[in-house]
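Asker: Here it is, the structure in full.
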Amino acid sequence: MAQHPVRLATRADARAAAQLLHDFNKEFDAPTPGPEVLAARLAGLLDQGDTFAYLAGSPAVGIALVTLRPNVWFDGPVALLDELYVRPDLRGRTIGTDLIRAVADYCRELGVDFLEVNVDEGDKDALRFYVHHSFALRQPDTGERAFYLTRALG
Numbered sequence: 001m002a003q004h005p006v007r008l009a010t011r012a013d014a015r016a017a018a019q020l021l022h023d024f025n026k027e028f029d030a031p032t033p034g035p036e037v038l039a040a041r042l043a044g045l046l047d048q049g050d051t052f053a054y055l056a057g058s059p060a061v062g063i064a065l066v067t068l069r070p071n072v073w074f075d076g077p078v079a080l081l082d083e084l085y086v087r088p089d090l091r092g093r094t095i096g097t098d099l100i101r102a103v104a105d106y107c108r109e110l111g112v113d114f115l116e117v118n119v120d121e122g123d124k125d126a127l128r129f130y131v132h133h134s135f136a137l138r139q140p141d142t143g144e145r146a147f148y149l150t151r152a153l154g
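Per UniProt numbering, the very first residue in the sequence shown carries number 1; after that it's consecutive.
The structure is reproduced here in structure tokens:
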């Protein structure tokens, strides 16, 4: 049995999930509204059905947060892996792999045809991890580099 078993999060897990997301942003000096705000947001999102999360361990030491959206090119929804985080002291122990496998399996159950993730170019460890788990850096049909662009609207 896995030392840090992976399970689908529920509304009751919102506080633990929020703390991990907060810790993730703090680790990289990224802004965060704080665990209380994140917990309230997560509780609502997890109830809507188009957002789900997996947690690893009890207490939770890792999280994968996913949102689903419809897409004209696929019969089922497209999934975006919004966040994948494992506590720094526990990295390299397959917890991230267990989380990504659980997400992929659950996405297949939901009829998801496509799983996306956004990674900063400088985050070589994350890029290596996702490529190892069959995410493409290049468009499979053309070999061109794949980009994801964003624009802040607020």
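By construction, the Cβ of each residue, glycine as well, lies at the ideal position given by its N, Cα and C atoms. Since the structure is predicted, the reported quantities are computational estimates derived from the model, not experimental observations.
1) Please state the DSSP three-state secondary structure of residue 82.
2) So, with DSSP's three-state summary, where would you put residue 121?
3) Kindly indicate which three-state DSSP category residue 68 falls into: helix, strand or coil?
4) Quick check: what's the CA-CA separation for residue 93 versus residue 151?
5) Quick one: Cα of residue 2 to Cα of residue 97, how far?
6) State the DSSP-derived secondary structure class of residue 106, mapped to helix, strand or coil.
7) Going by the DSSP bridge assignment, what does residue 63 pair with across the sheet?
8) Compute the Euclidean distance between the alpha carbons of residue 128 and residue 121, then round it to the nearest angstrom.
9) Contact between the region 99 to 113 and the region 42 to 58: three or more CB pairs below 8 Å?
10) Which residues does DSSP list as the beta-bridge partners of residue 6?
11) Between the Cα of residue 7 and the Cα atoms of 114, 38, 59 and 73, which residue gives the shortest distance?
12) Which residue comes first and which comes last in the alpha helix (DSSP H) that contains residue 45?
13) Does the beta-carbon distance from residue 117 to residue 81 come in below 7 Å?
14) Which of helix, strand or coil does DSSP assign to residue 149?
15) What does the alpha-carbon distance come out to for the pair residue 148 and residue 130?
16) Do residue 114 and residue 78 have their C-beta atoms closer together than 7 Å?
Answerer: Once the coordinates are examined:
1) Here residue 82 refers to the residue found at position 82 of the sequence shown. In this structure, residue 82 counts as strand in the three-state DSSP scheme.
2) The count along the sequence shown starts at 1 and reaches residue 121 at position 121. Three-state result, residue 121: coil.
3) By 1-based counting over the sequence shown, the position of residue 68 is 68. It is a strand residue.
4) Within the sequence shown, the letter at position 93 stands for residue 93. Within the sequence shown, the letter at position 151 stands for residue 151. Taking the straight line joining both Cα atoms gives about 35 Å.
5) Residue 2 sits at position 2 when you count from the first residue of the sequence shown. Residue 97 sits at position 97 when you count from the first residue of the sequence shown. About 12 Å.
6) The residue labelled residue 106 in the question sits at position 106 within the sequence shown. Note: residue 106 maps to helix in three-state DSSP.
7) Locating residue 63 in the sequence shown gives position 63, counting from the first residue. Residue pairing from DSSP places residue 63 in a beta bridge opposite 55 and 85.
8) Start at 1 with the first residue of the sequence shown, and residue 128 comes out as number 128. Start at 1 with the first residue of the sequence shown, and residue 121 comes out as number 121. Each residue's Cα considered, the two are about 11 Å apart.
9) Yes, since at least three Cβ pairs between the region 99 to 113 and the region 42 to 58 fall closer than 8 Å, the two stretches touch.
10) Here residue 6 is taken as the residue at index 6 of the sequence shown, counted from 1. As DSSP reads the structure, residue 6 sits in a beta bridge with 56.
11) For the purposes of this step, residue 7 is identified with residue 7 of the sequence shown, where counting begins at 1. Taking only the C-alpha atoms, the option nearest residue 7 is 59.
12) Stepping through the sequence shown from its first residue, residue 45 is reached at position 45. For residue 45, the uninterrupted alpha helix (DSSP H) run begins and ends at 35 to 48, by DSSP.
13) Taking the sequence shown and counting its residues from 1, the one referred to as residue 117 is at position 117. Taking the sequence shown and counting its residues from 1, the one referred to as residue 81 is at position 81. Yes, the pair counts as a contact, with Cβ atoms nearer than the cut-off.
14) Numbered from its first residue, the sequence shown carries residue 149 at position 149. Residue 149 falls in the coil class under three-state DSSP.
15) Working through the sequence shown from its first residue, we reach residue 148 at position 148. Working through the sequence shown from its first residue, we reach residue 130 at position 130. The straight-line gap from Cα to Cα measures roughly 15 Å.
16) Against the sequence shown, residue 114 aligns to sequence position 114. Against the sequence shown, residue 78 aligns to sequence position 78. Yes, Cβ-Cβ distance for residue 114 and residue 78 is below 7 Å.
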